[in-house]
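Chains E and C supply the protein sequences, listed in that same order. The opening position of the first sequence corresponds to residue 1 in the working numbering, with each subsequent residue numbered one higher. The opening position of the second sequence corresponds to residue 1 in the working numbering, with each subsequent residue numbered one higher. Even for Gly, the Cβ is constructed at its ideal location relative to N, Cα and C. Following: one structure in structure tokens, then a few remarks.
Protein chains: 2
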Amino acid sequence: MGSKVKTAITPTRAEDYPEWYQQVINASDLAERSPVRGCMVIKPWGYAIWENIVCVLDDMFKETGVKNAYFPLFIPLSFFEKEAQHVEGFATECAVVTHHRLEKGPEGGLVPAGPLTEPLVVRPTSETIIGDSFSKWVSSYRDLPILINQWANVVRWEMRTRMFLRTSEFLWQEGHTAHATKEEAIERTKLMLEVYARMAEDYLAMPVIQGRKTAAERFPGAVDTFCIEAMMQDRKALQAGTSHFLGQNFARASGIKFQSAEESEDYVWTTSWGASTRLIGGLIMTHGDDDGLILPPRVASAHVVLMPIVRKPEDRENVMGYTERLAQRLREKYYHHRKIVVEIDDRDIGGARGWDWIKKGIPLRVEIGPRDIAQDSVFVGRRDKAHNEKVSLKTEQFVAELANILDEIQGNLFARAAAYARDHTLTIEDARTFSDFFTPQNLEKPEIHGGFARSPWCGEEACELKIKENQAVTIRCLPLEQDRESGGHYPLPAA
Amino acid sequence: MGSKVKTAITPTRAEDYPEWYQQVINASDLAERSPVRGCMVIKPWGYAIWENIVCVLDDMFKETGVKNAYFPLFIPLSFFEKEAQHVEGFATECAVVTHHRLEKGPEGGLVPAGPLTEPLVVRPTSETIIGDSFSKWVSSYRDLPILINQWANVVRWEMRTRMFLRTSEFLWQEGHTAHATKEEAIERTKLMLEVYARMAEDYLAMPVIQGRKTAAERFPGAVDTFCIEAMMQDRKALQAGTSHFLGQNFARASGIKFQSAEESEDYVWTTSWGASTRLIGGLIMTHGDDDGLILPPRVASAHVVLMPIVRKPEDRENVMGYTERLAQRLREKYYHHRKIVVEIDDRDIGGARGWDWIKKGIPLRVEIGPRDIAQDSVFVGRRDKAHNEKVSLKTEQFVAELANILDEIQGNLFARAAAYARDHTLTIEDARTFSDFFTPQNLEKPEIHGGFARSPWCGEEACELKIKENQAVTIRCLPLEQDRESGGHYPLPAA
């Protein structure tokens, strides 16, 4: 931005990025804090995005042969302890159920009663409880592969929470598969990573790097963790989905054995993979601007808001009639093509109305007044353009072109995010430049991070730890395309 | 049944109805017990039914203006205590979270650590936590109505559990609405009851009676509870959905106030309504027979299974090719019409293959062998007919007629269930006949209940209690159509 212009969100991204993020969530009515520590209420405008994400991912999963199932919320403590690394990774953040009733306490209020003989852990993830089922479902190679997904809530007691990004309870899906061979399990791990990348890029318009985590950053109990990493507008990375090759670790822990075609007995090879409501956090931080949220059309809660402009009471009938007929035409025309959601907002609140929808990130705002109607045209504002840029379009043209306009917006958002990530990703091959790049005082705007650096790494955990401690820079992943190009590990560190 | 025929399920309904129910679930692979007390694992074949129910209900809700949102799993104890009757109703069956970590105990194993200052209740229902949000969302009549639904898991610690019907954790939806007037809230309560009735009858093919609960059977904290009740094949009633008019009870408890158009301040009027995975239990008990599950096509996990018959290896290529092309044609033809799921089962396990699908309740089994192919026909078994009745149909005709056949099956299942309910519902107006009807030794088969009795009731709770104690008969509901006909309460008692 050049000269200071009034923005709908205070502070701006440049002024205070984390606070801007929170204010966008408030202003767009996506979610609110709940009275339960670390938990959030996902409001309808935010939940609709999640419903769209669920719908897209669910179809993609099913296309690869995955079926949905549902496993208990509670995990007996003894199950949880079966895999040593796993329990170590999650023990410090578990909600534990210890009682199954409430009764009047000595001071009159209710107190927990009916202590359980074995405490139950509210699932932070379900490898151990699902592994128990798998051990009953598998006996022969004919029962394999098992390809299961569950849509569920999970709880990880977080000390520092941020809406959508890190909350004590969150919604996610967790896929769990079991295979007869190591190769097949690795292939599935990578396939699901690609599904996540496709979801992120084609629907959230969020460019990602597919990569492998270092040993230090692996999922507790995994042999190999793959991830997609996206650059946010503070130039930091967001892990937007992970896919784990679990080897035979959890199969051993849960006793998931099978008889091979050659009649030898072996443990199965398992994978797990998850994506969560955190994707919504990524979407906000990838596309939002200083006026609020910007929703990619393919996952938008709604696509078009029609705003009738009635200045004189005698215009009301004409303007409302025109607006409602237009809404009806759009809904009918695009009903089968794609679920395009058209809203009418006839609140009489002046300019606040348009700003409300700008903050909510709806792709298209359409104003309809008596003069527009006289010319059979509408006045269209696109959220991917600077918000003052509105154009008059013939109504016929708008109706005919709507799907194309939305596709164009989707494309623009992706292109813009991709350019941003590209512009802030450097290939840095020497230690000095690397160090300079990540030293805040060397940055143009110290509060905004430098970006991603593609840099070689010796592979030593000591080095990884050193850059993390000295410069708060972490190896986000070892990009997979580098595997292909160079045949070896070529890391991508970034904070 | 006349003479004893071999059935796929042991015991039969007549021999031991509750055990038959459990065996149908096992044989159809719907669900299994979990190692967590009172919780179940919903397996893919069962979960797919739930997905279909969710899809249908969700659309119906949205058509009435309801939007989805998500509220925390945990409810602070202090919130839960806000409504006195409510807490009394649920206090004896609450899972309580008291700690937020695990650490090594004195004996080496993990023990709960990090005690919470205020225990958290795992939601058994969400009136109090959602009420807290509503109190922030509402200030003026312009903010009303609020029409919210949430798809969620809830926990009610049950001592005696039965799969799908009563489990400690279950999946459900809970709708919560707030209104400016009492009349509007009552209208919404009844509207949602009608939505449930439509779901039950038009999709689950399960005829229901819409009615009002007696005071003794009301939801804890409600002013009025409405329900749909269906007759199972043991002639007992199943409550399949409830809709509650909550008056201003929860509004007062959570402080949900609004300023009316006349600028006076008042509490809002709220409703809540829920349906759960229990619907699947109802579906099993309404349609299942002694060979297993029978799925109504509109909520079936899959609709058609194609079973290639390959007796000689040299036939394989021809038969499999024909089968796959047929599957492809069906999938393409019916892709837009309705989501018809076609499976191919080419397992080489003899007659067990057909029986597997009979037990799973798939509407149509199609056998395809070399002789069928030579005549361009297929051999079709319908699950709504006695299972041995298979007919040869020209393949063209089968492809053309598939949707109609499924509709016919749907209609047959409803008609059969409706006839059963009608045949076992008596109007009984005197106490002696009523008493005889519900005395087991007077029944033809003492292990099967007599059915429903439509009988007058004085309205006294003492009477209600007496028939419950003496004859284990409960007033399931005061049917709504009687409201209309007689203008008064005309009860329908049944066990």
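C-beta neighbour in chain C for residue i, strict 7 Å
i: Ser34 of chain E; result: yes
i: Asp132 of chain E; result: yes
i: Thr98 of chain E; result: yes
i: Cys477 of chain E; result: no
i: Cys39 of chain E; result: yes
i: Leu295 of chain E; result: no
i: Leu73 of chain E; result: yes
i: Trp157 of chain E; result: yes
For residue i, the first and last residue of its enclosing beta strand (DSSP E)
i: Phe245 of chain E; result: Ala237 to Phe245
i: Gly497 of chain C; result: Since the first and last residues shown for chain C are 1 and 495, residue 497 of chain C lies out of range.
i: His179 of chain C; result: Glu169 to His179
i: Met60 of chain C; result: That residue, Met60 of chain C, is in no beta strand (DSSP E); its alpha helix (DSSP H) goes Pro44 to Glu63.
i: Asp266 of chain E; result: Glu265 to Tyr267
i: Gly114 of chain E; result: Leu110 to Val122
i: Asp224 of chain C; result: Asp224 to Met231
Buried versus exposed call for residue i [16 or more other C-beta atoms within 10 Å across all chains shown]
i: Leu465 of chain C; result: exposed
i: Gln328 of chain E; result: exposed
i: Cys55 of chain C; result: exposed
i: Met159 of chain E; result: exposed
i: Ile349 of chain C; result: exposed
i: Val378 of chain C; result: buried
i: Gly321 of chain E; result: exposed
i: Cys94 of chain E; result: buried
i: Val41 of chain E; result: buried
i: Thr286 of chain C; result: buried
i: Val96 of chain C; result: buried
i: Arg278 of chain E; result: buried
i: Glu169 of chain C; result: buried
i: Asp291 of chain C; result: buried
i: Lys82 of chain C; result: buried
i: Asn404 of chain C; result: exposed
Proximity test, Cβ basis, 7 Å: residue i and chain E
i: Arg166 of chain C; result: no
i: Ile256 of chain C; result: no
i: Trp20 of chain C; result: no
i: Lys43 of chain C; result: yes
i: Thr92 of chain C; result: yes
i: Pro106 of chain C; result: no
i: Glu169 of chain C; result: yes
i: Arg160 of chain C; result: no
i: Asn153 of chain C; result: yes
i: Glu460 of chain C; result: no
i: Asn52 of chain C; result: no
i: Tyr420 of chain C; result: no
Opening and closing residue of the alpha helix (DSSP H) in which residue i lies
i: Gln23 of chain E; result: Tyr17 to Ser28
i: Glu184 of chain E; result: Lys182 to Arg198
i: Trp151 of chain E; result: First-last for Trp151 of chain E: Ile146 to Val155, but that is the beta strand (DSSP E), not the alpha helix (DSSP H).
i: Gln85 of chain E; result: Ala84 to Phe90
C-alpha distance - residue i paired with residue j, whole-angstrom precision
i: Trp50 of chain E; j: Gln233 of chain C; result: 40 Å
i: Phe500 of chain C; j: Lys67 of chain C; result: The question about residue 500 of chain C has no answer here: the residues shown for chain C are numbered 1 through 495.
i: Glu343 of chain C; j: Cys39 of chain C; result: 30 Å
i: Thr64 of chain E; j: Met199 of chain E; result: 14 Å
i: Ala8 of chain C; j: Ile409 of chain E; result: 57 Å
i: Phe71 of chain C; j: Gln150 of chain E; result: 19 Å
i: Thr439 of chain E; j: Thr433 of chain E; result: 10 Å
i: Asp16 of chain E; j: Glu217 of chain E; result: 28 Å
i: Pro313 of chain C; j: Lys257 of chain E; result: 32 Å
i: Ser455 of chain E; j: Ala472 of chain E; result: 16 Å
i: Leu165 of chain E; j: Arg13 of chain C; result: 52 Å
Heavy atom of the ligand NAP within 6 Å of residue i beta-carbon
i: Trp273 of chain E; result: For the structure depicted, the ligand NAP is absent and the ligand set is empty, with no information on it obtainable.
| field | Segment contact, 8 Å Cβ cut-off, at least three pairs: the segment 163 to 178 of chain E with the segment 110 to 130 of chain E | value | yes
| If you pair each beta-carbon of the segment 201 to 213 of chain C with each one of the segment 225 to 239 of chain C, do three or more pairs fall below 8 Å? | yes
| task | Indicate whether the contact test is met: 3 or more Cβ pairs, each with one atom in the segment 102 to 112 of chain C and one in the segment 129 to 137 of chain C, closer than 8 Å. | result | no
| field | Three or more C-beta pairs below 8 Å linking the segment 186 to 205 of chain E and the segment 294 to 301 of chain E | value | yes
| message | Below 8 Å, how does it come out for the segment 72 to 81 of chain E and the segment 25 to 39 of chain C: are there three or more Cβ pairs, yes or no? | response | yes
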